[in-house]
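Step one of this worksheet: look at the structure below.
In our numbering, the protein residues as written are 1213 to 1542.
Below, the structure written as structure tokens:
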């Protein structure tokens, strides 16, 4: 089963994308299809040694810019790497699509080309957050900013399947991101969503406040895309800033430098646990196909791990299991 990669997606494409693909092919023994401007892709491929049979190149002459409107993939750039790449999932032999490109365009193209799973109204982007108990899986972090209460229930069902199948949590607990633990807190959306989740999702444990996201109080957290995206961006900025602050303060004091050397192994492990590139792509759940969205600044390492994450979803039959869950609870 081939993993399709948007070779033109991201701030450092196609170099980082191709380099990450080569690393994945060597380490994970996968077959990758690179979609984009063929000449540019082949120029990058010439820089590496790799098993030729594991890399396929498909030409797509158009590129969706990061600042393009989401609908541009359907109205103006139907031959873009995003449109062509997602379209391959409709053909036999292609198992997943990965892009570090325009998130809105990926969501729009996936919804339009692949359609929605029965029982799901809107797609949601899931994201793994590091926590004191290893991880927390949050959905939605940006696909649907106008969510309805029933959408959050659908997200909970899909998050549960993802956590069980990929993250090895047999009975994942589910929380609703809110401004307080009480049922009456939040806007009308959160209040109504709480009622629906409490009634229809046995693993729902109640509201989760933002300061509990990193404690691991619940395995999964659901929210609308507006709140989720802000949470994601704040977390990214905080992690980067804390790292820089620690480095700045340590370099001011010779004793602190010695301490940092002694703690190098522990600090490296802590840094790894909060490094987004370790977690690969964020799954776009709800569409009828496996689509993963990576950070626009993805390094080759991040691309490699996104391909690994795609491989894991294929191996664990995540799409099939989500379909079964949604029909069962339809």
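Glycine included, C-beta positions come from ideal geometry on N, C-alpha and C.
For the set 1350, 1345, 1401, 1357, the Cα lying nearest the Cα of residue 1339 is the one of 1350. By the Cβ neighbour-count rule, residue 1301 is buried, with 16 or more other Cβ atoms within 10 Å of its own.
Distance between residue 1534 and residue 1248, taken at the CA atoms: about 30 Å.
The alpha-carbon of residue 1384 is positioned some 11 Å away from that of residue 1347.
Looking only at 1498, 1527, 1511, the smallest Cα-Cα distance to residue 1536 is reached by 1498. Residue burial is scored here from C-beta neighbours: residue 1430 has at least 16 other C-beta atoms within 10 angstroms and is therefore classed as buried. At the C-beta level, residue 1276 and residue 1504 stay beyond 9 Å of one another. If one requires a minimum length of 4 residues, the alpha helix (DSSP H) runs lying completely within the stretch 1220-1261 are 1227-1240, 1250-1257, in chain order.
The residue among 1427, 1531, 1334 with its C-alpha nearest the C-alpha of residue 1357 is 1334. Within the stretch 1272-1359, the runs of beta strand (DSSP E) at least 3 residues long that lie entirely inside it are, in chain order, 1306-1311, 1336-1343, 1346-1351. Non-local beta-carbon contacts of residue 1403 in its own chain, meaning distances under 8 Å to residues more than five positions away in sequence, involve 1395, 1396, 1397 in chain order. Classified as exposed, residue 1255 has fewer than 16 neighbouring CB atoms from the shown chains inside 10 Å of its CB. Under the rule that a run must span 3 or more residues, the beta strand (DSSP E) segments found entirely inside the stretch 1370-1456 read 1386-1389, 1416-1420, 1432-1434.
Per DSSP, the continuous beta strand (DSSP E) segment holding residue 1214 begins and ends at 1214-1218. Only residues of its own chain outside the window of five on either side were considered, and among them 1337, 1339, 1440, 1441, 1444 have a CB closer than 6 Å to the CB of residue 1353, listed in chain order. Distance from residue 1221 to residue 1294 at the Cβ level is roughly 7 Å; contact confirmed, criterion being Cβ atoms closer than 8 Å. In the displayed model, residue 1364 falls within a helix according to three-state DSSP. Under DSSP, the beta-bridge partners assigned to residue 1270 are 1247. Residue nearest to residue 1523 within the set 1263, 1306, 1449, 1268 is 1306 (criterion: CA-CA distance). Closest option to residue 1268, judged by alpha-carbon separation, among 1434, 1279, 1244: 1244. Looking at 1312, 1253, 1308, the one whose alpha-carbon comes closest to that of residue 1278 is 1312.
With a contact defined as Cβ atoms closer than 8 Å, residue 1371 and residue 1432 qualify at about 4 Å. Taking 9 Å as the cut-off, the beta carbon of residue 1252 is found closer than this to the beta carbon of residue 1226. Taking C-alpha positions only, residue 1258 is separated from residue 1235 by approximately 14 Å. With respect to the 9 Å criterion, residue 1292 and residue 1317 are classified as neighbours on the basis of their beta carbons.
Boundaries of the alpha helix (DSSP H) harbouring residue 1531: 1530-1540, taken from the DSSP string.
In chain order, 1354, 1505 place their CB closer than 7 Å to the CB of residue 1315, counting only its own chain and leaving out the 5 sequence neighbours on each side. Looking from the CA of residue 1501, the closest CA among 1327, 1422, 1428 belongs to 1327. Annotation: the continuous beta strand (DSSP E) that includes residue 1495 extends over 1494-1497. Nearest to residue 1539 by C-alpha distance, out of 1427, 1366, 1379, is 1366. For the set 1284, 1496, 1492, the Cα lying nearest the Cα of residue 1510 is the one of 1492.
With fewer than 16 other beta carbons inside 10 angstroms of its own, residue 1380 counts as exposed. Just measuring C-alpha positions, the residue of 1231, 1321, 1530, 1438 sitting nearest residue 1283 is 1321.
Around residue 1280, the same chain offers 1289, 1314, 1317 as residues with beta carbons nearer than 8 Å, after the five sequence neighbours per side are excluded.
A residue is called buried when at least 16 other Cβ atoms come within 10 angstroms of its Cβ; residue 1303 does not meet this threshold and is exposed.
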